[in-house]
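Q: Just so you know, the protein sequences line up as chains A and B, in that order. Heads up: take any position in the first sequence, counting from 1, add 1, and you land on the working numbering. Heads up: take any position in the second sequence, counting from 1, add 329, and you land on the working numbering. Below you'll find the structure I mean.
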Amino acid sequence: MNFFEVVFQPGIMDIIVKMLIILVKAVVVVGVLMLHVTYATYFERKSIGHMQVRLGPMQVGPHGLLQPIADFIKLFFKEDIIPAGADKPIFFIAPVISIFAGMTAISVIPFFNGFVIADINIGLLFILAMSSLNAYGVMLAGWASNSKYSFLGSLRSSAQVISYEIAMGLSLVGVMMMSGSLNLSDIVRAQERFPGGFYWPQALGFFVFMVAAFAETNRTPFDLPEAESELVAGYFTEYSGMRFALFYVAEYVGMILMSLVAITCFLGGWDGPFAIPYVPFAWLFLKLYFFIFLFYWIRATVPRYRYDQLMALGWKLLIPLALLNILGTGLVKVLLR
Amino acid sequence: MNPYLFGYLAAAIVGLSAVALTRKNPVHAVLLMIVMFFHLAVLYLGLGAEFLAAVQIIVYAGAIMVLFLFVIMMLNIKEEIEGERFTGGWPLGISLASGLFLLLIIMTGNVLPGQQGIYTAQVIASQTDTKALGSVLYTQYIFPFELASLVLLVAVVGAIVLAKKKLR
Numbered sequence: 002m003n004f005f006e007v008v009f010q011p012g013i014m015d016i017i018v019k020m021l022i023i024l025v026k027a028v029v030v031v032g033v034l035m036l037h038v039t040y041a042t043y044f045e046r047k048s049i050g051h052m053q054v055r056l057g058p059m060q061v062g063p064h065g066l067l068q069p070i071a072d073f074i075k076l077f078f079k080e081d082i083i084p085a086g087a088d089k090p091i092f093f094i095a096p097v098i099s100i101f102a103g104m105t106a107i108s109v110i111p112f113f114n115g116f117v118i119a120d121i122n123i124g125l126l127f128i129l130a131m132s133s134l135n136a137y138g139v140m141l142a143g144w145a146s147n148s149k150y151s152f153l154g155s156l157r158s159s160a161q162v163i164s165y166e167i168a169m170g171l172s173l174v175g176v177m178m179m180s181g182s183l184n185l186s187d188i189v190r191a192q193e194r195f196p197g198g199f200y201w202p203q204a205l206g207f208f209v210f211m212v213a214a215f216a217e218t219n220r221t222p223f224d225l226p227e228a229e230s231e232l233v234a235g236y237f238t239e240y241s242g243m244r245f246a247l248f249y250v251a252e253y254v255g256m257i258l259m260s261l262v263a264i265t266c267f268l269g270g271w272d273g274p275f276a277i278p279y280v281p282f283a284w285l286f287l288k289l290y291f292f293i294f295l296f297y298w299i300r301a302t303v304p305r306y307r308y309d310q311l312m313a314l315g316w317k318l319l320i321p322l323a324l325l326n327i328l329g330t331g332l333v334k335v336l337l338r
Numbered sequence: 330m331n332p333y334l335f336g337y338l339a340a341a342i343v344g345l346s347a348v349a350l351t352r353k354n355p356v357h358a359v360l361l362m363i364v365m366f367f368h369l370a371v372l373y374l375g376l377g378a379e380f381l382a383a384v385q386i387i388v389y390a391g392a393i394m395v396l397f398l399f400v401i402m403m404l405n406i407k408e409e410i411e412g413e414r415f416t417g418g419w420p421l422g423i424s425l426a427s428g429l430f431l432l433l434i435i436m437t438g439n440v441l442p443g444q445q446g447i448y449t450a451q452v453i454a455s456q457t458d459t460k461a462l463g464s465v466l467y468t469q470y471i472f473p474f475e476l477a478s479l480v481l482l483v484a485v486v487g488a489i490v491l492a493k494k495k496l497r
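Following this line, the structure appears as structure tokens:
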């Protein structure tokens, strides 16, 4: 057997081809995601600006369209300041953990029928596992910065994320019961029987999930970890330059991830009222833009919660509601059988 | 499971645990343990136990270690780092532990394999591991399952009693 026969055995070729396909898919998804993150910041500043009767960014490019690129260049060339007394390795790794957790979870989301980077059986559990890691990035950033603002912000955030994770996991149990699967593609296919998706038979679960999603991504009205008036910028107060940008990107990736999970589990994923030719992912992206807008809309509308109200809402309202939803779904399933 | 992958995972799990034990900074020790849990999850994945792998990350890495970190972050780390890493009794502890380990190695030769049930690797793979686990857990083993949940409920009630300042 010569060299070529060893290298180009059918088995090895198959594995290499599979790996290449996964790699290409991952590069496409990360590229599209990064583009969305960049312009989500622009979209946020524009929509909140107009809601407050301002124009938002206008200077860089027509209607400020090049503003995100200017922001990126500025952040990239800024000096990277590490506070004295910081725990350096942890200070460096914290933003990476944050961004890793969000981006890895996106790999199991089906963008259209048959297009998913990792089509695994435990997709929904994988997303819950990865989003539970998000707390580490925030906690470690706050602790390693050796600053009281960062530390208080990170303590608030970890308590918040742990509390709302329970409600989020329980709100998705109804979806698992109705679709009988944890695979996200199967969940989307199970929703074909319900026009629009699971959002109306699972209205309670959808409500609990959305509230928990806002809390998990630290967005208004639950943005206590970074309450500007009390904590400067919360857990990333001491971060600057590229490391700050990583946290910023992680926040938007988190928002996009939560929107994608909501769409996949409750709004029928890639499915729409009618098929759009040649663009199978059109419906998913339209729904995604709506959810991103919803995040901004709520930010411009409601004030911030107080900390004890936040905890009471999570433990005394959302978790019982999610449990009630599981009970109800189970009863209906048994009665209809 | 690929023997090379298993070898790497086993070595990494043992190595990371040893390094975590010897850290003076408890936060670093917790982080190394989380990395160790990830290796453990991959080990479960290689054995075809997807559900267990996901739960390993959600429960251990995602919940229990977060609470550990929460408590440790409240400590005064600077004092912790100054002090000795181990208490005086560590030689006794190590000899006891290695004695137990030796006993375990001697006993592994005498383990009898259990009888083969209907859940072979192929059946589990076709049904998905989560479904197979659920259908056995909620039918055949419902009593031990309910017993375990009762024990957990007692723990929850205990935690609330401890946390409440005044009981009326």
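Cβ coordinates follow ideal geometry from the N, Cα and C atoms, glycine included. Bear in mind the structure is a predicted one, so any value in this text is a computation, not a measurement.
Do you know offhand how far A130 of chain A's Cα is from V388 of chain B's?
A: Within the first sequence, numbered from 1, the residue matching residue 130 of chain A stands at position 129. Within the second sequence, numbered from 1, the residue matching residue 388 of chain B stands at position 59. Taking the straight line from one Cα to the other gives about 8 Å.
Q: If you draw a straight line from the C-alpha of L318 of chain A to the C-alpha of F207 of chain A, how long is it?
A: One-based indexing of the first sequence puts residue 318 of chain A at position 317. One-based indexing of the first sequence puts residue 207 of chain A at position 206. Going by the C-alpha atoms only, they are around 14 Å apart.
Q: Cutting at 6 Å between CB atoms, please list the residues of its own chain near A301 of chain A, excluding the five before and the five after it.
A: Within the first sequence, the letter at position 300 stands for residue 301 of chain A. Residues of the same chain with a CB within less than 6 Å of the CB of A301 of chain A, apart from the 5 flanking positions on each side, are I49, M52 in chain order.
Q: Only counting the same chain, and skipping five residues up and downstream in sequence, which positions put a Cβ closer than 7 Å to that of R55 of chain A?
A: Within the first sequence, numbered from 1, the residue matching residue 55 of chain A stands at position 54. Once the five neighbours on either side are set aside, R55 of chain A has no close Cβ partner at all.
Q: I need the straight-line Cα distance from L171 of chain A to L324 of chain A, nearest angstrom please.
A: Within the first sequence, numbered from 1, the residue matching residue 171 of chain A stands at position 170. Within the first sequence, numbered from 1, the residue matching residue 324 of chain A stands at position 323. Rounded to whole angstroms, L171 of chain A to L324 of chain A spans 7 Å at the Cα level.
Q: If contacts are defined as beta-carbon pairs under 8 Å, then G269 of chain A and V189 of chain A qualify, I think. What distance do you get, rounded to the angstrom?
A: The residue given as residue 269 of chain A occupies position 268 in the first sequence. The residue given as residue 189 of chain A occupies position 188 in the first sequence. Yes, they are in contact, since the Cβ atoms of G269 of chain A and V189 of chain A sit about 7 Å apart, within 8 Å.
Q: Determine the burial state of F472 of chain B: buried for a count of at least 16 other Cβ atoms within 10 Å of its Cβ, exposed for fewer.
A: Along the second sequence, one-based indexing puts residue 472 of chain B at 143. So F472 of chain B counts as exposed.
Q: Is the beta carbon of A41 of chain A less than 8 Å from the beta carbon of I299 of chain A?
A: As a first step, residue 41 of chain A is located in the first sequence; it is residue number 40 there, counting from the start. As a first step, residue 299 of chain A is located in the first sequence; it is residue number 298 there, counting from the start. No.
Q: Please name the residue, chosen from B:G446, B:A488, B:V485, that lies closest to Q469 of chain B on a Cα-to-Cα basis.
A: Working through the second sequence from its first residue, we reach residue 469 of chain B at position 140. Ranking B:G446, B:A488, B:V485 by Cα distance to Q469 of chain B puts B:G446 first.
Q: Entirely within the region 17–105 of chain A and at least 4 residues each: give me those alpha helix (DSSP H) ranges in chain order.
A: 68–78
Q: Give me the Cα-Cα distance between L258 of chain A and I107 of chain A, rounded to the nearest whole angstrom.
A: Working through the first sequence from its first residue, we reach residue 258 of chain A at position 257. Working through the first sequence from its first residue, we reach residue 107 of chain A at position 106. L258 of chain A and I107 of chain A: Cα-Cα distance of roughly 6 Å.
Q: Closer than 8 Å by beta-carbon distance: list the chain A residues that pair up with I435 of chain B, in chain order.
A: Here residue 435 of chain B corresponds to residue number 106 of the second sequence, with the count starting at 1. Ordered by position in chain A, no residue passes the 8 Å Cβ test against I435 of chain B, which lies about 37 Å from the chain.
Q: Would you verify that the beta carbon of F296 of chain A is, or is not, closer than 8 Å to some beta carbon of chain B?
A: Residue 296 of chain A sits at position 295 when you count from the first residue of the first sequence. False, the Cβ-Cβ gap to chain B never drops below 8 Å.
Q: Using a Cβ cut-off of 8 Å, pull out every chain B residue sitting near M140 of chain A, in sequence order please.
A: For the purposes of this step, residue 140 of chain A is identified with residue 139 of the first sequence, where counting begins at 1. V395, L398, F399, M402, listed in chain order.
Q: For I82 of chain A, which option in A:E239, A:A95, A:G235 has the closest C-alpha, if you only look at C-alpha atoms?
A: The residue you call residue 82 of chain A lines up with position 81 of the first sequence. The candidate whose alpha carbon is nearest that of I82 of chain A is A:E239.
Q: Is there a Cβ from chain A that is less than 8 Å from the Cβ of V356 of chain B?
A: Locating residue 356 of chain B in the second sequence gives position 27, where the first residue counts as 1. By this cut-off, V356 of chain B is an interface position.
Q: Going along the chain, which residues of its own chain have a beta-carbon closer than 6 Å to the beta-carbon of T218 of chain A, five neighbours each way excluded?
A: On the first sequence, residue 218 of chain A is found 217 positions in, with the first residue counted as 1. Result list for T218 of chain A: G255, M256, M259, in chain order.
Q: Assuming L338 of chain B contacts V371 of chain B (C-beta within less than 8 Å), just tell me the rounded distance between them.
A: Within the second sequence, numbered from 1, the residue matching residue 338 of chain B stands at position 9. Within the second sequence, numbered from 1, the residue matching residue 371 of chain B stands at position 42. Correct: roughly 6 Å between the Cβ atoms.
Q: By a C-beta neighbour count over all protein chains shown, 10 Å radius and 16 as the cutoff for buried, is Y165 of chain A buried or exposed?
A: For the purposes of this step, residue 165 of chain A is identified with residue 164 of the first sequence, where counting begins at 1. Y165 of chain A comes out buried.
Q: Under 9 Å, CB to CB, which of the residues in the region 93–110 of chain A have a partner in chain B?
A: I94
Q: How many Å lie between I453 of chain B and K494 of chain B at the Cα?
A: Against the second sequence, residue 453 of chain B aligns to sequence position 124. Against the second sequence, residue 494 of chain B aligns to sequence position 165. Near 49 Å, if we compare the C-alpha coordinates of K494 of chain B and I453 of chain B.
Q: Quick one: using the 10 Å Cβ neighbour count with 16 as the cut-off for buried, is M20 of chain A buried or exposed?
A: Sequence index remark: in the first sequence, residue 20 of chain A carries index 19 (1-based). By the 10 Å Cβ count, M20 of chain A comes out exposed.
Q: Near A390 of chain B, what residues of its chain come up, given a Cβ to Cβ distance below 6 Å and the 5 sequence neighbours on each side ignored?
A: For the purposes of this step, residue 390 of chain B is identified with residue 61 of the second sequence, where counting begins at 1. The residues are I363, F366.
Q: Name the chain A residues that come within less than 8 Å of G443 of chain B, Cβ to Cβ?
A: Looking up residue 443 of chain B in the second sequence gives position 114. Per Cβ cutoff of 8 Å: no residues; G443 of chain B is ~26 Å from chain A at best.
Q: Rounded to a whole number of angstroms, what is the C-alpha to C-alpha distance between L374 of chain B and A382 of chain B?
A: The residue given as residue 374 of chain B occupies position 45 in the second sequence. The residue given as residue 382 of chain B occupies position 53 in the second sequence. Approximately 6 Å between the Cα atoms of the pair.
Q: Would you say S379 of chain B faces chain A, with C-beta separation under 8 Å as the test?
A: The residue you call residue 379 of chain B lines up with position 50 of the second sequence. It should be pointed out that residue 379 of chain B corresponds to Glu in this sequence rather than to Ser. Chain A, which has a Cβ nearer than 8 Å to the Cβ of E379 of chain B, makes this yes.
Q: If you draw a straight line from the alpha carbon of A349 of chain B to that of F399 of chain B, how long is it in whole angstroms?
A: Here residue 349 of chain B corresponds to residue number 20 of the second sequence, with the count starting at 1. Here residue 399 of chain B corresponds to residue number 70 of the second sequence, with the count starting at 1. Cα to Cα, A349 of chain B sits roughly 17 Å from F399 of chain B.
Q: I'd like the list of long-range same chain contacts for I121 of chain A, defined as Cβ closer than 8 Å, with 5 residues on each side in sequence excluded.
A: In the first sequence, residue 121 of chain A corresponds to position 120, counting from 1. Correct list, in chain order: V109, F127, N184.
Q: Quick one: list the residues of chain B neighbouring A136 of chain A, beta-carbon separation under 8 Å, in chain order.
A: In the first sequence, the residue the question calls residue 136 of chain A occupies position 135. Result: G391, V395.
Q: Sorted by chain position, which residues of the same chain lie with C-beta nearer than 7 Å to D458 of chain B's C-beta, five sequence neighbours on each side aside?
A: If you number the second sequence from 1, residue 458 of chain B lands on position 129. Around D458 of chain B: G377, A378, E379, F380.
Q: At 7 Å on the CB atoms, spell out the chain A contacts of T312 of chain B, in chain order.
A: Because chain B spans 330 through 497 in this model, residue 312 of chain B falls outside it and cannot be assessed.
Q: What is the C-beta distance between G143 of chain A and Y290 of chain A, in whole angstroms, given that I count them as a contact (C-beta under 8 Å)?
A: In the first sequence, the residue the question calls residue 143 of chain A occupies position 142. In the first sequence, the residue the question calls residue 290 of chain A occupies position 289. Contact between G143 of chain A and Y290 of chain A does not hold, since their C-beta atoms are separated by about 32 Å, which reaches or exceeds 8 Å.
Q: Under DSSP, the alpha helix (DSSP H) around R307 of chain A begins and ends at which residues?
A: Here residue 307 of chain A refers to the residue found at position 306 when the first sequence is read from its first residue. DSSP places R307 of chain A in no alpha helix (DSSP H); its state is neither H nor E.
Q: State yes or no: is the beta carbon of F237 of chain A nearer than 8 Å to at least one beta carbon in chain B?
A: Numbered from its first residue, the first sequence carries residue 237 of chain A at position 236. Chain B, which has no Cβ nearer than 8 Å to the Cβ of F237 of chain A, makes this no.
Q: Can a CB atom of chain B be found closer than 8 Å to the CB of F127 of chain A?
A: Within the first sequence, the letter at position 126 stands for residue 127 of chain A. It does; some Cβ of chain B falls within 8 Å.
Q: By Cβ distance below 7 Å, which residues in the same chain neighbour I100 of chain A in space, the five residues on each side in sequence not counted?
A: Looking up residue 100 of chain A in the first sequence gives position 99. So the qualifying residues of the chain are L247, V250, A251, V254.
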